[in-house]
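Visitor: For the sequence shown, the residue numbers in the UniProt record's numbering are 1 to 171. All C-beta atoms in this analysis are idealised placements derived from N, C-alpha and C, irrespective of residue type, glycine included.
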Amino acid sequence: MASLVLTDSSQLTSDSQHLGNFDPVDWLLKFVRLDNLHLFCMGSVLRKAEVMRTNFKWYMKKLNNELVSWSQLGAERRTNKKKAKLDLATSTLELNLANCHEFLTDDDKRSISMTVDCRDILKTYEDMKDMAAVNAHLKHKMKHRTKCLLDRVDAAIAVTKADICHKDDPD
């Protein structure tokens, strides 16, 4: 005859908590019998088992920490990707860096701050082109003025020579 046993939820919770604390090495060590003759050998086996258990726990803890950090990093990147998509959707012509700075990494911020602004470079080149045009115009103007001045000086020299020659000739 079979019987049905009903348990309440508190018993199930208690059982699941005990399963979470389950250590397979401790469970195996309960079944190891220590005879007086083999006490020394079994003691070294027990020490090795304890070291193995400690190492196993340490590696599992380290692995769990890595898993947690990778999970957090993945969640952070998914959040950042959503924010970036929202920012790009609201501003299609230019990226609003003021909104992006709240979720960019420090390396990204340094990279952006070190990036040269193309508009400033273009303005500098346009200013240089304007200055070169002004310089060429001034150079042309100076050349023209210099030529005019030299022509006047040549004319003055010719007049002066003519006067000198005319004074020397008594005729």
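(1) Only counting the same chain, and skipping five residues up and downstream in sequence, which positions put a Cβ closer than 6 Å to that of C148?
(2) Pull up the distance between the alpha-carbon of W70 and that of T124, whole angstroms please.
(3) Cα separation between W58 and E76?
(4) Taking the C-alpha atoms as reference points, what is the distance between I157 and C165?
(5) For K141 and V134, I'd like the C-alpha separation in whole angstroms.
(6) DSSP state of T160, grouped into three classes?
(7) Can you tell me which of the three DSSP states T105 falls into?
Guide: Straight from the coordinates:
(1) none
(2) 46 Å
(3) 27 Å
(4) 12 Å
(5) 10 Å
(6) helix
(7) coil
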